[in-house]
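For reference, the structure is listed below as structure tokens.
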Amino acid sequence: RDVATRRGAWGVSHTHVPTESRPGHVALIAGFYEDVSAVTKGWKANTVEFDSVFNRSAHTWAWGSPDILPMFADTLPHVTAASYDASFEDFASADASRLDTWVFDRVHAMLEEAAADPEGSLARSLAQDRVVFFLHLLGIDTNGHAHRPHSAAYIRNLALVDAGVRRIEAAIDRYYGYDGGTAFVFTSDHGMAAGGS
Numbered sequence: 000r001d002v003a004t005r006r007g008a009w010g011v012s013h014t015h016v017p018t019e020s021r022p023g024h025v026a027l028i029a030g031f032y033e034d035v036s037a038v039t040k041g042w043k044a045n046t047v048e049f050d051s052v053f054n055r056s057a058h059t060w061a062w063g064s065p066d067i068l069p070m071f072a073d074t075l076p077h078v079t080a081a082s083y084d085a086s087f088e089d090f091a092s093a094d095a096s097r098l099d100t101w102v103f104d105r106v107h108a109m110l111e112e113a114a115a116d117p118e119g120s121l122a123r124s125l126a127q128d129r130v131v132f133f134l135h136l137l138g139i140d141t142n143g144h145a146h147r148p149h150s151a152a153y154i155r156n157l158a159l160v161d162a163g164v165r166r167i168e169a170a171i172d173r174y175y176g177y178d179g180g181t182a183f184v185f186t187s188d189h190g191m192a193a194g195g196s
């Protein structure tokens, strides 16, 4: 809330059908609603190549779900993607927030590694213009679908994500010397009804 009311801008994003992860992410990173013919590929492969913020980056680092990252990272040599094992995604789990914790921990570890070796290749890559960090937080989505958006599990996961985002913002600002040159976009690939669908 602090960012929205004091330091940042906010708005409402509108999704189109189908409200699935694949077309939602295409809209976010490429700026257009994907052709529905992509459904014939199960939303898993690019039926038509398209330009995106990842294509235009000098380097993109992405962390998260093995179901999402390969859709956008597998064909780009300047994208470094790290996914947890697919078995880690347990949709019946009592605490799917561990998926989000995994992502936050990996981002912090990367920044710490680069800070420990300021002359190393990782630090040099991070010093380029047009660097993108993409954090895919599946835990909160999973908890919403499995336990519903008003459940205790979802509310706990929401608090974890809020705290994690604050820590990530602070870590990135600290790494880049509080230069004010980082834009943060926090959004969702689709909405969710009260019933979890």
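Position one of the sequence shown corresponds to residue 0 (my numbering), numbered consecutively onward.
Virtual Cβ for every residue (Gly too), placed ideally from N, Cα, C.
Just so you know, these numbers come straight off a predicted model, no measurement behind them.
Take residue i as the anchor and find which of the options has the nearest alpha-carbon.
i, options, result
"R97", "A8, A152 and T59", "A152"
"D84", "V164, W101 and R166", "W101"
"H24", "G194, M191 and S187", "S187"
"N142", "A169, S86, V78 and G195", "G195"
"T79", "S12, L134 and R166", "L134"
"L75", "D66, G63, S51 and F87", "S51"
"S150", "A122, F103 and A95", "A95"
"Y175", "H144, G63, A72 and E111", "E111"
"S86", "I139, W9, G7 and P65", "P65"
"A126", "L137, A114 and L136", "A114"
"D89", "D140, P69, A122 and F132", "D140"
"G138", "F103, E168, D172 and H107", "F103"
"V132", "F31, A3 and V184", "As written in the sequence, residue 132 is Phe, which differs from the Val given in the question. With distances taken between Cα atoms, F132 lies closest to V184."
"D99", "R155, F31 and M70", "R155"
Excluding five sequence neighbours on each side, which residues of the same chain lie with their C-beta closer than 7 Å to the C-beta of residue i?
i, result
"S130", "Correcting the residue type first, residue 130 is Val in the shown sequence and not Ser. The residues are S56, A57 and H58."
"H107", "A170"
Whose C-beta lies closer than 6 Å to the C-beta of residue i among residues of the same chain, with five residues either side of it excluded?
i, result
"F49", "A29"
"L157", "none"
"M191", "G143 and P148"
"R105", "W62 and A81"
"H77", "H58"
Can you tell me whether residue i is helix, strand or coil according to DSSP?
i, result
"S82", "strand"
"W60", "strand"
"T74", "coil"
"T186", "coil"
"G143", "helix"
"P69", "helix"
"Y177", "coil"
"F242", "Beyond the ends of the chain as shown, which are 0 and 196, falls residue 242; an answer cannot be given."
"G23", "helix"
"H149", "coil"
"L136", "coil"
"F87", "helix"
"H13", "coil"
"R0", "coil"
Could you name the residues that DSSP lists as bridge partners for residue i?
i, result
"V131", "T59"
Report all residues from its chain with a CB closer than 8 Å to the CB of residue i; omit the five preceding and five following residues, and keep chain order.
i, result
"M109", "W60 and L121"
"A193", "R147, P148 and H149"
"F31", "V25 and F49"
Cβ contact (3+ pairs, closer than 8 Å) linking the region 154-164 and the region 115-125: No: fewer than three Cβ pairs fall under 8 Å.
Segment contact flag, the region 57-75 with the region 172-186, C-beta cutoff 8 Å, min 3 pairs: Touching, no.
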